Amino acid sequence: MSEMVPTAQNKRVLPRVLTVAVDVFQVPESSMEPGSSPDTIESWDSLHHLSFVVALEQEFGVQFSPEEIEQLLSIELTAALLEEKLRQGGASNGC
4 MSEMVPTAQN KRVLPRVLTV AVDVFQVPES SMEPGSSPDT IESWDSLHHL
54 SFVVALEQEF GVQFSPEEIE QLLSIELTAA LLEEKLRQGG ASNGC
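Count the sequence shown with the numbering used here and you get residues 4 to 98, in order.
Set out below in structure tokens:
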């Protein structure tokens, strides 16, 4: 079986993730793109990462497990994970 690399396909989720990221990381919209990550956004530190998670949970009405939080390594990966969660019906119980 081939390994699937998650990519953001939903044209409605990605723009919303970008908007949340611009707000949380306090960067110009022009500097945020699907490939943005902690390596490319200086303000994307551990504290802002947690703020990003909370903002996404509020925006999309989902809950991330600790394992999922660790997977949010770029805007595109975040959007792809959100799309999967929304397809599965929303909240994942992180307990």
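Positions of the beta carbon are idealized from the N, C-alpha and C atoms, including for glycine. No experiment lies behind these values; they were computed from the predicted model shown.
Within 10 angstroms of the beta-carbon of Leu50 lie fewer than 16 other beta-carbons, which makes it exposed.
Apart from sequence neighbours up to five positions away, the residues of its chain that approach Leu76 with a beta-carbon distance below 8 Å are Ser40, Pro41, ordered along the chain. The C-alpha of Leu17 is placed about 10 Å away from the C-alpha of Leu80. In this structure, DSSP gives Glu32 a helical state, which the three-state scheme calls helix. Residue range 78–90 is occupied by the alpha helix (DSSP H) that includes Thr81. The three-state secondary structure of Glu45, taken from DSSP, is coil. Under the DSSP assignment, Pro69 falls in the alpha helix (DSSP H) whose first and last residues are 69–74. Judged by their CB atoms, Ile78 and Val27 are not nearer to each other than the 7 Å cut-off.
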